[in-house]
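Q:
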Amino acid sequence: MDNKIFALIDCNNFYCSCERVFNPSLKNKPVVVLSNNDGCIVARSDEVKALGIPMGVPFHEYETFIKKEKVVVFSSNYSLYGDMSKRVMDILSTFTPAIEIYSIDEAFLDFTGFKKENLEEIGRDIRETVLKWTGIPVSVGFSLTKTLAKIANRIAKKEKQRGGVFLMIDENAMNEALPKIATGDIWGIGRKLAPKLENMGIKNAFDLKKQDSHAMRRIFSVVMQRTVMELNGISCIEIEEAAPTKKQILTSRSFGKKISEYKEIEQAVAWHTTRAAEKLRQQGLRAGLIIVFITTNPFSKVDAFYQNSFGITPENPTKDTGELINLAINALKKIYKKGYFYHKCGVILTGLTLDVPAPATLFNETDPVKEKKSEDLMLSIDNINKKLGKSTVKYAAEGLNQSWKMRSTQKSPCYTTKWEELKRVR
DNA sequence: TCTGGGGTCCTAGGACCC
DNA sequence: TCTGGGGTCCTAGGACCC
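Adding 6 to a residue's 1-based position in the first sequence gives its number in our numbering.
1. Can you tell me whether residue 407 is helix, strand or coil according to DSSP?
2. At which residues does the beta strand (DSSP E) containing residue 260 begin and terminate?
3. Check whether the stretch 119-130 touches the stretch 198-212, counting contact only when three or more Cβ pairs, one atom from each stretch, lie closer than 8 Å.
4. With DSSP as the reference, label residue 353 as helix, strand or coil.
5. Can you tell me where the beta strand (DSSP E) with residue 159 in it begins and where it stops?
6. Name the one or two DSSP bridge partners that residue 314 has.
7. Pick out whichever of 319, 154, 40 and 336 has its Cα sitting closest to the Cα of residue 69.
8. Under 8 Å: do the stretch 132-144 and the stretch 39-57 share three or more Cβ pairs, one atom per stretch?
9. For residue 314, I'd like the list of residues in its chain whose CB is within less than 6 Å of its CB, leaving aside the five on either flank, ordered along the chain.
10. Out of 339, 348, 180 and 172, which has the shortest C-alpha to C-alpha gap to residue 259?
11. Select from 415, 423 and 421 the residue whose C-alpha is nearest the C-alpha of residue 79.
12. Specify the secondary structure class of residue 246 as computed by DSSP and reduced to three states.
13. Run through the DSSP bridge pairs and tell me what residue 106 is partnered with.
14. Distance, Cα to Cα, residue 438 vs residue 11?
15. In this structure, what does DSSP give as the bridge partners for residue 80?
16. Restricting to Cα atoms, I'd like to know which of 382, 250, 155 and 311 is closest to residue 326.
17. Buried or exposed, going by whether 16 or more other CB atoms sit within 10 Å of the CB of residue 171?
18. Exposed or buried, which one is residue 31 when buried takes at least 16 other CB atoms within 10 Å?
19. So what does residue 47 bridge to, in DSSP terms?
20. Around the Cβ of residue 147, are there at least 16 other Cβ atoms within 10 angstroms (buried) or fewer (exposed)?
21. Assuming residue 328 is part of the alpha helix (DSSP H), what are its boundary residues?
22. Less than 8 Å between C-beta atoms, sequence neighbours within five positions excluded: which residues of the same chain meet that for residue 144?
23. Nearest by alpha-carbon distance to residue 287: which of 317, 380, 307 and 187 is it?
24. What's the call for residue 249, buried or exposed, on a 16-neighbour Cβ count within 10 Å?
25. Rounded to whole angstroms, what's the CA-CA distance from residue 110 to residue 253? Just pull it up for me.
26. Around the C-beta of residue 323, are 16 or more other C-beta atoms found within 10 angstroms, so that it is buried, or is it exposed?
27. Since residue 414 is in the beta strand (DSSP E), which residue starts that stretch and which ends it?
28. Roughly how many whole angstroms lie between the Cα atoms of residue 296 and residue 265?
29. With which residues is residue 64 paired in a DSSP beta bridge?
30. Contact check, residue 255 vs residue 355 under 8 Å by CB: the rounded distance?
31. Below 8 Å on the Cβ atoms is my guess for residue 353 versus residue 403; work out the distance and round it to an integer in Å.
32. Just to confirm before moving on: does the CB-CB distance between residue 142 and residue 23 stay below 8 Å?
33. From 394, 13, 239 and 236, pick the residue whose C-alpha is nearest to that of residue 103; which is it?
34. Taking residue 43 as the reference, give the member of 298, 263 and 181 with the closest Cα.
35. I need the DSSP call for residue 129, collapsed to helix, strand or coil.
36. Out of curiosity, what's the CA-to-CA distance linking residue 64 and residue 305?
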């Protein structure tokens, strides 16, 4: 049988690149994008990487340095990035229908059966097309498994002379590339496993490839075994074209400031429940369990730490925001303790089932009239909010002044998703 | 002052059953 | 005196990903 061929396409510094598309003057200038609540640095342009600012660090630790170096700072603007991502993915799908959208800025494409001689050319074509039509630069890596394609992509991105494309198919290319990849940079090896492997003398991808996969399973787990096999060109992880249905839906945020008042936390919990219920209905699901959690700041050196969660099962799986808010508030009352300064709360919907009419059984009777009323209400709320904007219609429990809302001080306009924030051309 | 948010999978161990 | 063994299901915790 012929080998499989996977490509990994990854947008370069994706969030920074999105900001640059609408602000061309930022080209060649250092740019960072912050996480929600302006907490951490989650995207860096090449110029920022060159300054030595690491990924994922708290913003405040580098704020002075960033000002001194005149780095342009953005709060995250997920409506913008989500929309740009969709445009990129639509273009990628025209190269092969076998595509797995792996994250907001990455996709695996299956090129099994394509002629090896043509791949390099296809890679360049992908790069040029995406850049021309969206303004986003991407890197393309080809290889025999997903794990190897990740590595090929990394090389394509790092070694500028390759022009953003790297084909890692034959033995020579692998032998040259794998020793350059540190253990911790292999897909599936994280911050706990990397030091363990290094202690065993396994310093890079080439070393890990040479290990006996059965022995590695015994020492670690089946996940490690798969990684070793994938490094050897044996594909164990398939492309998932259709996204599997979600097993849980989670919404949570840190507060913009410390909060101790019950009423404010209740509003935030109601707000999260509303968002989660919206996602639930969008995906055609019902929830069989709702869990609420609250926590104080685990990093605080002065405030006492407390965290807790509580789950409640509705009588029947539900998608009704009002019912879910009631359950959420009951759960919150079980865990809220006076006297703590809370930092974050959230809601998890799980026990998800497809939204089909509940089977009428003798013991589990739903009221069809009530059910119909709820169905209609949810439909109208979703339609109004879709047409006129998020939270046009909302539940009283969400509150009006929302003093707990997250910080977002440097957000760019939603150029592509809000009419009133369209870019003006003089 | 200030440290994101949203997910998945695997394993170990306890409860329970026959 | 002496208390099995195999199987399933569930949950918590740990690891990973972007």
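Where is the CB? At the ideal position from N, CA and C, for every residue including glycine.
A: Reading it off the structure:
1. Looking up residue 407 in the first sequence gives position 401. Residue state, collapsed to three classes: coil.
2. Numbered from its first residue, the first sequence carries residue 260 at position 254. Annotation for residue 260: the continuous beta strand (DSSP E) segment containing it runs 254-265.
3. Cβ pair count under 8 Å is below three, so no.
4. As a first step, residue 353 must be located in the first sequence, where it is residue number 347. In the structure shown, residue 353 sits in a strand (DSSP, three-state: E or B).
5. By one-based count along the first sequence, residue 159 stands at place 153. Looking at the DSSP string, residue 159 is not in any beta strand (DSSP E); the run it does join, the alpha helix (DSSP H), is 152-164.
6. Translated into positions along the first sequence, residue 314 becomes position 308. Answer is 300.
7. Residue mapping note: residue 69 aligns to position 63 of the first sequence, counting from 1. Selected option, being the one with the closest Cα: 40.
8. Output reads no: the stretch 39-57 does not touch the stretch 132-144.
9. One-based indexing of the first sequence puts residue 314 at position 308. Once the five neighbours on either side are set aside, the close Cβ partners of residue 314 are 341.
10. Here residue 259 corresponds to residue number 253 of the first sequence, with the count starting at 1. Checking every option, the nearest Cα to that of residue 259 belongs to 348.
11. Looking up residue 79 in the first sequence gives position 73. Of the listed residues, the one whose Cα sits closest to residue 79 is 415.
12. Taking the first sequence and counting its residues from 1, the one referred to as residue 246 is at position 240. Three-state result, residue 246: coil.
13. Position 100 of the first sequence holds residue 106. Answer is 114, bridged to residue 106.
14. The structure shown does not extend to residue 438, since the chain spans only 7 to 432, so no value can be given for it.
15. Residue numbering aside, residue 80 sits at position 74 when the first sequence is read from its first letter. Its beta-bridge partners are 39.
16. Position 320 of the first sequence holds residue 326. The shortest CA-to-CA distance from residue 326 to any of 382, 250, 155 and 311 is the one to 382.
17. Position 165 of the first sequence, counted from the start, is the residue given in the question as residue 171. Burial check for residue 171: the Cβ neighbour count within 10 Å reaches 16 or more, so the residue is buried.
18. Taking the first sequence and counting its residues from 1, one reaches residue 31 at position 25. By the 10 Å Cβ count, residue 31 comes out exposed.
19. Here residue 47 refers to the residue found at position 41 of the first sequence. Per DSSP, 40.
20. Counted from its first residue, the first sequence places residue 147 at position 141. Around the beta carbon of residue 147, 16 or more other beta carbons sit within 10 angstroms, so the residue counts as buried.
21. As a working mapping, residue 328 is identified with position 322 in the first sequence. Looking at the DSSP string, the run of the alpha helix (DSSP H) that includes residue 328 is 327-341.
22. One-based indexing of the first sequence puts residue 144 at position 138. Around residue 144: 15, 16, 17, 18, 94, 132, 133, 136, 137 and 170.
23. For the purposes of this step, residue 287 is taken as the residue at position 281 of the first sequence. The residue with the shortest Cα to Cα distance from residue 287 is 380.
24. For this step, residue 249 is matched to residue 243 along the first sequence. The residue in question, residue 249, is exposed, as its Cβ has fewer than 16 Cβ neighbours within 10 Å.
25. Mapped onto the first sequence, residue 110 falls at position 104. Mapped onto the first sequence, residue 253 falls at position 247. For residue 110 and residue 253, the distance between alpha carbons rounds to 19 Å.
26. Within the first sequence, the letter at position 317 stands for residue 323. That one is buried.
27. Taking the first sequence and counting its residues from 1, the one referred to as residue 414 is at position 408. Judged by DSSP secondary structure, residue 414 falls outside any beta strand (DSSP E); it is assigned neither H nor E.
28. Here residue 296 refers to the residue found at position 290 of the first sequence. Here residue 265 refers to the residue found at position 259 of the first sequence. A straight line joining the alpha-carbon of residue 296 with that of residue 265 spans about 23 Å.
29. Residue mapping note: residue 64 aligns to position 58 of the first sequence, counting from 1. Its beta-bridge partners are 46.
30. Reading the first sequence from its first residue, position 249 is the one you call residue 255. Reading the first sequence from its first residue, position 349 is the one you call residue 355. Correct: roughly 4 Å between the Cβ atoms.
31. As a position in the first sequence, residue 353 is number 347, starting the count at 1. As a position in the first sequence, residue 403 is number 397, starting the count at 1. About 12 Å separates the two Cβ atoms, so there is no contact after all.
32. Indexing the first sequence from 1 puts residue 142 at position 136. Indexing the first sequence from 1 puts residue 23 at position 17. It is a contact, given that the beta carbons lie within the stated cut-off.
33. What you label residue 103 is simply residue 97 of the first sequence in a count that begins at 1. Among 394, 13, 239 and 236, the Cα nearest to that of residue 103 is on 13.
34. To locate residue 43, count along the first sequence from 1; it is residue 37. When 298, 263 and 181 are compared, the shortest CA-CA separation from residue 43 is found for 263.
35. Here residue 129 refers to the residue found at position 123 of the first sequence. Of the three classes helix, strand and coil, the one that applies to residue 129 here is helix, per DSSP.
36. Taking the first residue of the first sequence as 1, we reach residue 64 at position 58. Taking the first residue of the first sequence as 1, we reach residue 305 at position 299. Distance from the CA of residue 64 to the CA of residue 305, rounded to the nearest whole angstrom, comes to 12 Å.
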